[in-house]
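K.L.:
I have a structure here, written as structure tokens, and I will follow up with some questions on it.
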Amino acid sequence: MAIISAGTSDIPVVEEAKETALILGNNVKIINDVGVAGIHRLFSKLDVIRKAKVIIVVAGMEGALASVIGGLVEKPIIAVPTSVGYGASLNGIAALLSMLNSCASGVSVVNIDNGFGAAYNASIINKL
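For the sequence shown, our numbering assigns the number 2 to the initial residue and increments by one for each residue that follows.
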């Protein structure tokens with residue numbers, strides 16, 4: 002399982018997902034700070050991401066990273082919008098709506114800041 006964050010401000014939700022996944026017996030790879038504002042950092046991590054059976058993507062602001070990952074891999078993705086951001090991010094509503102409207106196949110979405118729910122569902126997928 003891979004857990005990917007767009008920015009460092011998303012790390013508390015990543016940590017919740019990581020701890021839940023570990024308690025449920027999963028191997029977890031963490032990749033932080035590879036969002037669209039610094040997307041060049043993502044490309045060197047694609048091999049690790051593509052080896053995962055399931056991917057959790059955690060992102061605030063506009064939540065675009067879930068769609069980006071969805072377009073690059075053929076794995077199930079569980080997107081977690083976070084309440085971080087400013088301006089019109091609306092405490093995670095903007096990211097939630099972007100993730101729900103993703104045109105990338107294989108993207109499912111949990112509620113805002115729900116790292117636990119994402120990890121629980123990813124664990125079920127990972128053990129199939």
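Even for Gly, the Cβ is constructed at its ideal location relative to N, Cα and C.
1. Counting only runs of 3+ residues fully inside the segment 32–119, write out the beta strand (DSSP E) ranges in chain order.
2. In whole angstroms, give me the CA-to-CA distance for SER6 and GLY64.
3. Can you tell me the Cβ-Cβ gap for GLY93 and PRO82, rounded? I've got them flagged as a contact below 8 Å.
4. Skipping 5 residues on each side, what residues in its chain have a beta carbon closer than 7 Å to that of ASP11?
5. Return the chain-ordered list of same chain residues with a C-beta closer than 7 Å to the C-beta of ASN127, the five sequence neighbours on each side being excluded.
6. Evaluate the contact criterion for the segment 9–24 versus the segment 97–105: three or more CB pairs, one atom per stretch, below 8 Å.
7. Quick one: grab the DSSP three-state call for ALA22.
P.N.:
Looking at the coordinates:
1. Listed in chain order, the complete beta strand (DSSP E) runs (minimum 3 residues) inside the segment 32–119 are 56–60, 78–82 and 108–110.
2. Between the alpha carbons of SER6 and GLY64 lies a gap of roughly 10 Å.
3. With a Cβ gap of about 5 Å, GLY93 and PRO82 count as contacting.
4. VAL59, ALA60, GLY61, THR83 and VAL85
5. MET2, ASN27, LYS54 and VAL55
6. By the Cβ test, the segment 9–24 is not in contact with the segment 97–105, since fewer than three Cβ pairs between them sit closer than 8 Å.
7. helix
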